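Q: Mapping of the sequence shown onto the UniProt record's numbering: residues 1 to 345, in sequence order.
The structure under discussion is supplied below as structure tokens; questions concerning it will follow.
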Amino acid sequence: MFKRIKKLLGRYKNLDQVLIVPYRSYGTYSRLFVKGRVLDNAPLKIHQDQNKWKTFVNTYKQFDSFEIPDAEVELQIPGKINLKTTTNDEGYFLFNQNLENNIAEVSNDEGWVDYQLYYREELEPKTELLGDPFEGEFLIPSVDAEYGVISDIDDTILHTGVTSFLKWRLLKNSLLTNAYKRMPLKGAPDLYKLLHKGRAEGNRNPMFYLSNSPWNMYEYLKLFLDYNGFPKGPILLRDIRHPFEKTIKPEKPHKQREIFNILKTYPDLKFILIGDSGEHDASIYTDIAVQHSDRILAIYLRSVNHKKQMQRVQSIIDDFDTTPVLMVHSSAEAITHARENGFIK
């Protein structure tokens, strides 16, 4: 308790440690989009054999974050770029700008570019810098990509229970279930691997993962995706707005904004959208397909066990003929459709 009070009274003067958490993101050969957060927190440690109490403690730690505002952060790609920015009141930083150098030249075979982050504020004698530098990566899709995939996470590849009565299942899964023990929906990793390979099997089709979960869940979700063998891709979560938020509330929902940003970033790339029938994916995806009818190849909606939601979604897609929309009960159905339409071998 004393440690928490000390931090709240003076985050700058009483830092125990400095942790920079970069989020997997995306860009082009001439544009950089990198987001992350600077915290006075220890790195999250999730172990396969931890019990429910330790899992609950880890969950608490993810949300009990001590952000470091107004901190200068420097981003370097040796021989290419050197940029600086400052964190906002919640400790977030964002590099979002056009570049003169072709940064695709330093990407690996699948298009990932490594970068280094440095904390450029003066450190107190007792403050521990947990990385020097901190390492991050972002994706530059290959010019040979056949299409991209934008997928929801919640109840699309990871069962959350968001439609369960009073959200009890959602709370249990989020608070008490180890990331290593969370089961992906049956066949989902195989479906995503096939889409990542596409027809040419070159592992070049970019994957983008969306969730309405807050950024506090980033490490947890990244571990889940990596451990279960999903193709690596940018992970795009959302900020939690607090009652005293000064910034203007966005006009569009989080998922819609992120998808439009991706479409704008890659104007020559077509996409497959994957979501579920439990929340608002059907409305958001079909609206996007209407506005970009030439760029959305297909929409896959995984059905959830919620009668009213299913009826509402069915009413949306029954008369929708702009883009193929498939309500799937299993990954096998999506694989069959993708193969019949030439998206995969």
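Using N, Cα and C, we set each Cβ at its ideal position, and we do this for glycine too.
Bear in mind the structure is a predicted one, so any value in this text is a computation, not a measurement.
To the nearest angstrom, how far is it from the Cα of residue 243 to the Cα of residue 270?
A: Here residue 243 refers to the residue found at position 243 when the sequence shown is read from its first residue. Here residue 270 refers to the residue found at position 270 when the sequence shown is read from its first residue. For residue 243, the pLDDT reaches just 44, beneath the cut-off of 50, and the residue's location in the model is therefore unreliable, although a value from the coordinates is still provided. Looking at the two C-alpha atoms, the distance is approximately 38 Å.
Q: When the Cα atoms are used, what is the spatial distance from residue 142 to residue 204?
A: Position 142 of the sequence shown, counted from the first residue, corresponds to residue 142. Position 204 of the sequence shown, counted from the first residue, corresponds to residue 204. So the alpha carbons of these two residues sit roughly 6 Å apart.
Q: The beta strand (DSSP E) with residue 96 in it runs from where to where?
A: Here residue 96 refers to the residue found at position 96 of the sequence shown. Element bounds for residue 96: 92-98.
Q: Give me whichever residues DSSP pairs with residue 112 in a beta bridge.
A: Position 112 of the sequence shown, counted from the start, is the residue given in the question as residue 112. Answer by DSSP bridge pairing, in chain order: 139.
Q: Restricting to Cα atoms, I'd like to know which of 146, 70, 212 is closest to residue 235.
A: By 1-based counting over the sequence shown, the position of residue 235 is 235. The option with the nearest alpha carbon to residue 235 is 212.
Q: Which of the three DSSP states, helix, strand or coil, is assigned to residue 214?
A: Within the sequence shown, numbered from 1, the residue matching residue 214 stands at position 214. In this structure, residue 214 counts as strand in the three-state DSSP scheme.
Q: Less than 6 Å between C-beta atoms, sequence neighbours within five positions excluded: which residues of the same chain meet that for residue 266?
A: Mapped onto the sequence shown, residue 266 falls at position 266. Once the five neighbours on either side are set aside, residue 266 has no close Cβ partner at all.
Q: Mind checking who residue 184 pairs with in its DSSP beta bridge?
A: As a working note, residue 184 is residue 184 in the sequence shown. Answer is 158.
Q: In angstroms, rounded to a whole number, what distance separates the CA positions of residue 189 and residue 153?
A: By one-based count along the sequence shown, residue 189 stands at place 189. By one-based count along the sequence shown, residue 153 stands at place 153. Straight-line Cα distance between these residues: approximately 12 Å.
Q: Output the distance between the C-alpha atoms of residue 192 and residue 114, rounded to the nearest integer angstrom.
A: Your numbering for residue 192 matches position 192 in the sequence shown. Your numbering for residue 114 matches position 114 in the sequence shown. Their Cα atoms are separated by approximately 24 Å.
Q: Mind checking residue 176: buried by the 16 CB within 10 Å criterion, or exposed?
A: By 1-based counting over the sequence shown, the position of residue 176 is 176. Low local confidence applies: a pLDDT of 49 at residue 176 is under 50, so the model's placement there is unreliable, and no value is given.
Q: Would DSSP call residue 176 helix, strand or coil?
A: As a working note, residue 176 is residue 176 in the sequence shown. Only weak support exists for where residue 176 lies, its pLDDT of 49 falling under 50; the value from the coordinates is given anyway. Residue 176 falls in the helix class under three-state DSSP.
Q: Alpha carbons only, please: which of 338, 151, 75, 197 is nearest the one belonging to residue 277?
A: Residue mapping note: residue 277 aligns to position 277 of the sequence shown, counting from 1. It is 151.
Q: Extract the residue ranges of the beta strand (DSSP E) inside the segment 269-332, only unbroken runs of 3 or more that lie entirely within it.
A: Runs found: 271-276, 296-302, 325-328.
Q: Along the chain, where does the beta strand (DSSP E) containing residue 127 start, and where does it finish?
A: Stepping through the sequence shown from its first residue, residue 127 is reached at position 127. Per DSSP, residue 127 belongs to no beta strand (DSSP E) and is neither H nor E.
Q: Closest to residue 262 by C-alpha separation, out of 282, 292, 240, would be which residue?
A: Here residue 262 refers to the residue found at position 262 of the sequence shown. When each option's Cα is compared against that of residue 262, the closest is 292.
Q: Do residue 38 and residue 218 count as a contact pair if the criterion is CB distance below 8 Å?
A: Working through the sequence shown from its first residue, we reach residue 218 at position 218. Working through the sequence shown from its first residue, we reach residue 38 at position 38. The answer is no: Cβ separation not under 8 Å.
Q: Using the Cα positions of residue 196 and residue 149, report the straight-line distance between them to the nearest angstrom.
A: By one-based count along the sequence shown, residue 196 stands at place 196. By one-based count along the sequence shown, residue 149 stands at place 149. Roughly 8 Å separates the two Cα atoms.
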